[in-house]
Structures are given as structure tokens and as C-alpha cells.
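Quick notes on the structure that follows.
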Amino acid sequence: SDVITTKESTILSFLLRDDIYDEQRLRADEEALRRFYYNRGYADFRVVSAFGELDEASNSYTVTITVEEGSKYTFGDVSVESSIPEVDTARLQSLVKTRAGATYSAKDVEDSIIALTEELAGKGYAFAQVTPRGDRNFENHTISVVYTVDQGAKTYVERIEIRGNARTRDYVIRREFDVSEGDAFNQVLIQRAKKRLENLGFFDRVEISTAPGSEPDQVVLVVDLLEKSTGEFSIGAGYTSGGQTPGPSVEASITERNFLGRGQFIRVSAGGGKNSRDFMVSFTEPYFLGRRISAGFDVYRQTRTLDKYESELTGATVRFGLPITESLSTQFAYNYTREKYDFRDRCDTDGDGIFSPGEIAACDVSLGIQEGIAESPWTKSSVSGTLLYNTIDDMKNPHSGIYATFTTEVAGLGGDAEFVKLTGRGSYYHTLSDELDIVGLVSLGGGHIAGFGDNNLRIFDHFKNNERIIRGFEYDGIGPFDPATGDHLGGTTYFNASLEAQFPFPVIPESFGLKGAVFADAATLYGNKIERTGGLTVSGTEMQWRASVGAGLIWQSPFGPLRVDYAVPVVKEDSDVEQNFNFGISTRF
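Residues 126 to 714 in our numbering are what the sequence shown spells out, letter by letter.
Laid out in C-alpha cells, this is it:
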């Protein structure tokens, strides 16, 4: 029932508005069911009937959808044939996404057609057509596929006619097409443009059809759109038990995803809690200088009141993003921040606004933190580059694919900080059971920071543990520490790994969006480059692994993804600080 948008009425339906009967929605649900089954091996699937019956007494509809699943198929032999002599079929075979023995998937066939067509177009065969031919074996439940390459009819795009865009400007729509007036007609590129337009989030419906042109070899592309609201004003509240500032929080924001119909994104937000304040202005132009390069900036201020000190971070980022392939993209950024740290007011026992040595000593703050606070404020000027690889099938409810990032940041272009920081994280999703909807997740991550020049690393540049590294331990609760005060001081290197299985609850409707999870985490945080002065001793700098196991609840709520975890450390050090329970916003990727 997660596949279809028509839902049974629940206590949340007044927010989701997903329980209203609509004939067009029901037809769309039929198509969604077909795609769901066709992509999971059920090539013979069909919807026998789908209808709604009105109960006038209760003024409600009973929706009945009858289906036939059929047998589950795997791919048999997969090959490429061509009627064009110059085409290298061996080279094309390596581009095919379907593999013998894998579960049959219509999406994999479509992706193969796209990859083959693009390769042929790049080799000069603009009118080549790729047609898949399937051969079912009903005895062993396999489907052999032959991709046939033929020289298609020479047809050209006479013009692109756009209708229904009262707000969105024409050029915002046209730039999503890889074809323009006068180019060879290519159905694969047209379908790709349709998906891009749908992914913009500006339209409720996108339909692209063809009409005869003024000449027999000309066609007109007709793009019919139904626009939807892209502006949002939201006020939200939440609660987190982990991170730097646990406790309740509120946030208000104004967001426009299609600013002035230009396709630009702008967001202004403000929020905070008992021990935090956040302000941010963000702007993104997705097509900088008319090219498929995103450009934007963020201006922000963050204040935090921690157990033994306070921090204020004011900064700005200018960023550029560039797609390399459909799955791989990169982002470059210049970052400038000003960081100011101070002792908590509770350390100023006489209230004169000055923290005397005696007051600081009585406040039981590590010498490492004292020196870091005394040397602030600092400025950091850095450049960073990120590679992002994303093949996730559904970002809201992933079942397969990889999401991986790798970032390099170099600080030292002016400012007080001089370091090179490397961080990376990858998550792999795989469906363990289609019938039970069990999804497996493997995550690996790591980071290293090294200073250069005349300055040592600052204490606040070091990595600190959080729930994305390992659960079951408090924020900044593992790694190098000051044995005199017990304060953890952060590390220069960390590695972490996690295994997780996610599953629905059989007694709870899937439309409620609640899932369970069991997991096992392992991590190490070690190394420390704080200058040892004034008798400071740092312990726990060697590599020591921690591990934990636990269970969690994941709720795709109307207010965003929420997650509750309970983790128990099974491998730990005496200096570690445990935190079994964690509640907050889900941070899957």
C-alpha cells in the first residue's frame, strides 16, 4: 500500500489529504503498481480491476484493486544486435545494465536503452533506434533480452510548444531538454527531459506528446504542464536527545523553490532551543550563466551553549555544483567563518564579567579548552571540494543503490586556521526480502585532519563523536580526553561502520510510515594535535575501537523523518560517556 497514493483514512489524514477519492489518482495508482511489480521481476503482472464504491450512509468510498502477480522472473541471456554494420556491438554490450541471473526489472531495461542510445548518438548515429525484444521461458522463469539497433527514420524537431506554465518562465522548462528546434528527434532524450521536469517539483503533471509538423520529417513537441505551489511558510517544533544541544527546539522558515518563476531556490530560516540559536539565508541558481551548473550562497549564524563553554559561529559559503554523469556530481565552495568561544556565565561566580584564573579552575575546565577559548575569536578561510555518487532508487524510502560523498577542505587562504581535512561516507542499500520488505544497509565512513604551517591544530578543529559515527555514546563522549577533568578533546582521525536492517511492522498499516530497525555500529576516534602547555596531559590518543548494538523506530511523519534509537555499547573504554537513548531528525545519508 506504500506504492499507491490513495490511502485509508487515519488520524493524520487531515494533514496529508491522502484519503480523498479521486478517479484520476486511482488510474495513476494502477500505473504505479505496474511499475512496482515490473521492476521486481513480475513481468506478467496485471491489474484486473480497480474501482471505488460509494457508501452513501457513511459518505465514504471503498476502493478495491484486484491484481494478478504472476511468476517472478530473472534475466536469461542478454545480447546486443545491430543492423548497422559499423556499430561495435561488443562495445555496446558493456553498457547494458541488465545482467543474466539478476531479477527482471523494466527500469534496468529502460536504463539500458538510454545508455545505448546516448552512446550511438555520441558516435554520430543520431537516428539510431534501440528496441528490446524479450523471450520468456515459462519453465525456468527467465526472460532473455536482445537489444536490436536499427537505423530509424530521419525525423527532426520543428519546435517545442509549452502550455500551462502561467508562472514558470519558458526558458526554465526548455533548458531541461537536451534537444532543441532543428535537432534530430530522440524519444529517449524526450523521456529524460520529462523526468527532469517532474523532479523539479514545480508541476503536478508533466505530459509530452508529439504532433505532425509542417513537413513529413518534422514533429512538434507539445509540453502540457499543471503548475503547483512552490512557496512554503512553516513553523515547526522538535526535540532531540543527542548532539551538541539536546532538548526542545523550534524553527520558522520561508522557502520558495521557483523564485519569480526563474527556477531559483531561496530560503530564510530562524530557530533554536534552550541552548542554541540558528539563522540562515540560502540562495541557489540551478543554471549559472545558462549552463547546467548550480551556484549559490549561504549566510548563517549559530550559537551554542554547552556544558562548559559557549560558542558563536558566523559564516558564509559560496558554492558551485556541476553534474559529471547522471549519478556523479561535484561541488566546490569557498567558506569563511568567524568563531568565538567563551566560558559559561556560571563560571563567573562574582558576576563582574571577567573570568579570573581561580574562577576558571573552580569551573573544572580542561586546560586544552581553556587555551582554545583564550585564543578566540578565530577566522577560518577555506576551499572545499565534494564528490557525490548517488544511485538510490527512492530518496524518501530507499531499497537499493549507493549514496557516497567524499570531501576535501583546505584552510589557510588567510585567516587563523591552517589544515587539510578529508572526510568520506558511503551507504549501500539492498533489498533482502521483497515479500517482507526488509532492506539491508551498510555504511562506512572516515575522516582525517592535519595541520600545516606554523600553527598547530586548534582544539575546536578536531573531530568529535556524534550519532552518525556511533550510537550508544554521548556527543563528544569518546576519544582523546584530559584525565584531570574528564573532558573529551576530539581526535584527528576516525573510522566508523554500521550494519542495519529495516523492516515494516506487520500490525501497523504501511501508510502510517513507521518502520523498525536493528543495527550494529563500530567506530574509533583517535589522535590529537593540541599543543601540550601548562601541564596539559592528553590520554586515549591511540586507536581503540568501540562497538554498540541496538534497535530503532523510523517514522516518515508529516513533519519530516523522525528516528528513535536505543543502543547499548558492547565494546567501550572506561573514559567513554554512554547515552543509550537518542531521538531526533533522521539522518540517513
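Glycine included, C-beta positions come from ideal geometry on N, C-alpha and C.
* Could you tell me whether the stretch 693-704 touches the stretch 596-608, where touching means 3 or more Cβ pairs closer than 8 Å? => yes
* Asked: Taking N265 as the reference, which of E235, V173, F252 and T199 has the closest Cα?
  -> T199
* Can you say whether V173 is buried or exposed, counting buried as having 16 or more other CB atoms within 10 angstroms of its CB? => Flag for V173 reads exposed.
* With 16 other Cβ atoms within 10 Å as the buried cut-off, status of I360 -> exposed
* Rounded C-alpha distance that separates L140 from S183 -> Summary for L140: the model assigns pLDDT 46, below 50, so the residue's position carries little reliability, and this model does not support an answer.
* To do: State yes or no: is the C-beta of A253 within less than 9 Å of the C-beta of T280?
  => no
* Asked: By a C-beta neighbour count over all protein chains shown, 10 Å radius and 16 as the cutoff for buried, is T187 buried or exposed?
  -> exposed
* Asked: Taking the alpha carbon of G537 as the point to measure from, which residue in P523, L557, S509 and F531 has its own alpha carbon closest?
  -> That would be S509, whose Cα lies nearest to the Cα of G537.
* **Buried or exposed (CB count within 10 angstroms, at least 16 for buried), L350** => By the C-beta density criterion, L350 is buried, having at least 16 other C-beta atoms within 10 angstroms.
* Asked: Just curious, the alpha helix (DSSP H) that S204 is in, first and last residue?
  -> Premise fails: S204 lies in the beta strand (DSSP E), T199 to S207, not in any alpha helix (DSSP H).
* Quick check: the stretch 574-592 against the stretch 659-667, are there 3 or more CB pairs under 8 Å? -> no
* What are the residues that DSSP puts in a beta bridge with H573? -> L547 and T618
* From L614 to D423, what distance separates their C-alpha atoms? -> 29 Å
* **Which of helix, strand or coil DSSP assigns to V107** => With the chain running from 126 to 714 in the structure shown, residue 107 is simply not present.
* Please specify which runs of the beta strand (DSSP E), each continuous and at least 3 residues long, are wholly inside the stretch 162-232, giving them in chain order. => If one requires a minimum length of 3 residues, the beta strand (DSSP E) runs lying completely within the stretch 162-232 are 171-180, 185-193 and 199-207, in chain order.
* To do: Sort G497, T267, G226 and R258 by Cα distance to V274 and report the nearest one.
  => R258
* Residues bridged to G446 [DSSP beta-bridge criterion] -> S419 and Q456
* Of all the CB atoms in chain B, is at least one closer than 9 Å to the CB of S623? -> Within the model displayed, chain B is absent; a lone protein chain is all it includes.
* To do: Quick one: give me the first and last residue of the beta strand (DSSP E) that R402 is part of.
  => S401 to E410
* Which partner residues does D349 have in the DSSP bridge list? -> R288 and E332
* Secondary structure at V297, three-state DSSP: helix, strand or coil? -> Secondary structure at V297: helix, using DSSP grouped into helix, strand and coil.
* Tell me whether S568 sits in a helix, a strand or coil according to DSSP, three-state version. => strand
* Asked: Sorted by chain position, which residues of the same chain lie with C-beta nearer than 6 Å to I379's C-beta, five sequence neighbours on each side aside?
  -> Answer for I379: F358 and V393, listed in chain order.
* Tell me whether A542 sits in a helix, a strand or coil according to DSSP, three-state version. => coil
* Taking 8 Å as the threshold, find out whether the stretch 455-470 comes into contact with the stretch 516-527 through three or more Cβ pairs. => no
* **Residue range of the unbroken alpha helix (DSSP H) whose run includes V313** => Q312 to L325
* How would you label F706, buried or exposed, when you count the other beta carbons within 10 angstroms and need 16 or more for buried? -> Classification for F706: exposed.
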